[in-house]
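Student: Each protein sequence line maps, in turn, to chains A and B. According to our numbering, the first sequence is numbered sequentially starting from 35. According to our numbering, the second sequence is numbered sequentially starting from 5. Glycine residues also receive a C-beta, built at the ideal position from the N, C-alpha and C atoms. What follows is a structure written as structure tokens; I'll ask about it next.
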Amino acid sequence: MIPLSWYMVLATILFSIGIYGFLVRRNIIIMFLSIELMLNAVNLNLVAMSHYLDSLRGQSFILFIITVAAAEAAIGLGLVIVLFRNKKTVYVDHINELKG
Amino acid sequence: MLSQLIFLYCALVIISTALLAVRFHNPVYSVLSVLVLFFHIAGLYLLLNAEFLAAIQIIVYAGGILILYLFVLFLVNLRQEIKSQRFVAHHRLSTVVSIILGLSLLAIIPYFKLGAKGNYPVARIEQLTHTKAIAMELYSTFILPFELAGLILLIAVVGGLVLARNDKEETADDVRDSTATATPEVQK
């Protein structure tokens with residue numbers, strides 16, 4: 035039997051890697067991919083906890099998280115396409131019109 | 005014992021592919037390593053007796069969302085990406101911040117206590133089958149959030165269509181119309 039803390043440690047490490055990728059990369063598409071990593075870490079935590087709690091609350095919550103992740107990917111990537119069409123770049127440090 | 009070995013294998017692959025995904029030069033390799041990661045997370049879901057969620061993970065994440073990422077990657081300029089700098093200017097500070105955050109989250113974990121048990125033990129889920137059990141929970145307790153999830157998907161479809169539409173022809177038509185209406189006034 036696998037202890038619950040193993041799943042929690044794995045989810046924490048995955049979440050930290052997602053944060054690292056989001057903060058470090060310049061490419062906005064890889065930043066979205068890091069957000070997906072973080073959402074997957076939370077999903078893993080929810081499934082593990084609802085399994086060890088004999089409950090299905092967490093597992094039904096995951097369906098909503100996946101829905102929101104799909105919506106976020108569609109809208110966010112649409113925004114990336116519009117950004118690339120207008121500015122010819124996907125790098126976040128080139129998008130600095132508002133900088134004083 | 006066997007399940008622990010399977011868990012350790014999945015955890016190793018998940019962590020290494022996640023690290024590779026945020027460090028690869030080529031974004032296509034990043035997306036493909038995230039694909040491997042999603043398959044191994046589905047393996048962990050199977051280990052937790054959540055076979056419906058494992059199927060959803062593979063179908064929606066690996067089959068839907070990642071394909072969307074690949075298509076958008078092919079629309080932007082890949083050749084420039086491979087040559088240019090991967091990281092932002094202050095990436096050392098960001099690395100330190102994320103390591104500190106991860107260590108503090110790990111330090112909190114031993115103080116976690118499980119709450120009260122629910123009414124779906126593993127034996128009951130296995131007797132009902134996981135899909136039926138999750139559908140009973142979803143269509144009774146969470147019926148209103150389920151409808152709202154459909155609304156979110158509708159808004160995402162409409163928003164994606166509006167954002168990705170190329171309205172250059174329309175603006176050209178608008179310009180022609182405005183000049184066509186403007187020129188007679190000038191002639192007057």
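What residues match up with residue 91 (chain B) in a beta bridge as DSSP calls it?
Tutor: Taking the second sequence and counting its residues from 1, the one referred to as residue 91 (chain B) is at position 87. Paired residues: A:59.
Student: According to DSSP, is residue 86 (chain A) part of a helix, a strand, or is it coil?
Tutor: As a first step, residue 86 (chain A) is located in the first sequence; it is residue number 52 there, counting from the start. If DSSP states are grouped into helix, strand and coil, residue 86 (chain A) belongs with the helices.
Student: What is the DSSP secondary structure of residue 125 (chain A), counted as helix, strand or coil?
Tutor: In the first sequence, residue 125 (chain A) corresponds to position 91, counting from 1. Three-state DSSP puts residue 125 (chain A) in a strand.
Student: Determine the direct distance from the alpha carbon of residue 91 (chain A) to that of residue 41 (chain A), and round the result to whole angstroms.
Tutor: For the purposes of this step, residue 41 (chain A) is identified with residue 7 of the first sequence, where counting begins at 1. For the purposes of this step, residue 91 (chain A) is identified with residue 57 of the first sequence, where counting begins at 1. Taking the straight line joining both Cα atoms gives about 18 Å.
Student: Taking residue 124 (chain B) as the query, report the chain A residues whose CB atoms sit under 7 Å from its CB, ordered along the chain.
Tutor: One-based indexing of the second sequence puts residue 124 (chain B) at position 120. Near residue 124 (chain B) (Cβ distances below 7 Å), the residues of chain A are 88, 89, 90.
Student: Using only the alpha-carbon positions, how far apart do residue 50 (chain B) and residue 56 (chain B) sit?
Tutor: For the purposes of this step, residue 50 (chain B) is taken as residue 46 along the second sequence, with counting starting at 1. For the purposes of this step, residue 56 (chain B) is taken as residue 52 along the second sequence, with counting starting at 1. About 9 Å.
Student: Please name the residue, chosen from A:98, A:35, A:72, that lies closest to residue 55 (chain A) on a Cα-to-Cα basis.
Tutor: In the first sequence, counting from the first residue as 1, residue 55 (chain A) sits at position 21. Out of A:98, A:35, A:72, A:72 has the C-alpha closest to the C-alpha of residue 55 (chain A).
Student: What would DSSP say about residue 31 (chain B), mapped onto helix, strand or coil?
Tutor: Here residue 31 (chain B) corresponds to residue number 27 of the second sequence, with the count starting at 1. If DSSP states are grouped into helix, strand and coil, residue 31 (chain B) belongs with the helices.
Student: Output, in chain order, the set of chain B residues within a Cβ distance shorter than 8 Å of residue 61 (chain A).
Tutor: Here residue 61 (chain A) refers to the residue found at position 27 of the first sequence. Result: 31, 85, 90.
Student: How many angstroms separate the CA atom of residue 107 (chain B) from the CA atom of residue 98 (chain B)?
Tutor: Your numbering for residue 107 (chain B) matches position 103 in the second sequence. Your numbering for residue 98 (chain B) matches position 94 in the second sequence. Near 14 Å, if we compare the C-alpha coordinates of residue 98 (chain B) and residue 107 (chain B).
Student: DSSP state of residue 80 (chain B), grouped into three classes?
Tutor: The residue given as residue 80 (chain B) occupies position 76 in the second sequence. Three-state DSSP puts residue 80 (chain B) in coil, outside helix and strand.
Student: Closest Cβ-Cβ distance between residue 128 (chain A) and chain B: below 8 Å?
Tutor: Within the first sequence, residue 128 (chain A) is the residue found at index 94, counting from 1. It does not: the Cβ of residue 128 (chain A) has no partner Cβ on chain B nearer than 8 Å.
Student: Starting from the beta carbon of residue 74 (chain A), find every residue of chain B whose beta carbon is closer than 8 Å, and list them in chain order.
Tutor: Locating residue 74 (chain A) in the first sequence gives position 40, counting from the first residue. Under the 8 Å cutoff, chain B gives 41, 42, 45, 65.
Student: If contact is defined by three or more beta carbon pairs under 8 Å, each pair taking one atom from either stretch, is the stretch 110-127 of chain B in contact with the stretch 29-49 of chain B?
Tutor: no
Student: Check distances from the C-beta atoms of the stretch 5-19 of chain B to those of chain A and list, in chain order, the residues that come in under 8 Å.
Tutor: 7, 8, 11, 15, 18, 19
Student: Let me see if you follow: with CB-CB separation under 8 Å, is residue 112 (chain A) close to chain B or not?
Tutor: As a position in the first sequence, residue 112 (chain A) is number 78, starting the count at 1. Cβ-Cβ to chain B under 8 Å: yes for residue 112 (chain A).
Student: Considering residue 131 (chain B), what are the terminal residues of the alpha helix (DSSP H) in which it resides?
Tutor: Position 127 of the second sequence, counted from the first residue, corresponds to residue 131 (chain B). It spans 126-132 - the alpha helix (DSSP H) in which residue 131 (chain B) sits, taken as one unbroken run.
Student: Along the stretch 143-158 of chain B, where does the CB come closer than 9 Å to a CB of chain A? Name the residues.
Tutor: 145, 146, 149, 150, 152, 153, 154, 156, 157
Student: Assuming residue 50 (chain A) contacts residue 109 (chain B) (C-beta within less than 8 Å), just tell me the rounded distance between them.
Tutor: Position 16 of the first sequence, counting from 1, holds the residue named residue 50 (chain A). Position 105 of the second sequence, counting from 1, holds the residue named residue 109 (chain B). The pair is a contact, with the Cβ atoms about 7 Å apart (cut-off 8 Å).
Student: Whose C-beta lies closer than 7 Å to the C-beta of residue 77 (chain A) among residues of the same chain, with five residues either side of it excluded?
Tutor: For the purposes of this step, residue 77 (chain A) is taken as residue 43 along the first sequence, with counting starting at 1. So the list reads 96, 99, once near-sequence residues are dropped.
Student: Can you pull the chain B neighbours of residue 70 (chain A), defined as C-beta to C-beta under 9 Å?
Tutor: Translated into the one-based positions of the first sequence, residue 70 (chain A) becomes position 36. Result: 38, 42, 65, 69, 70, 73.
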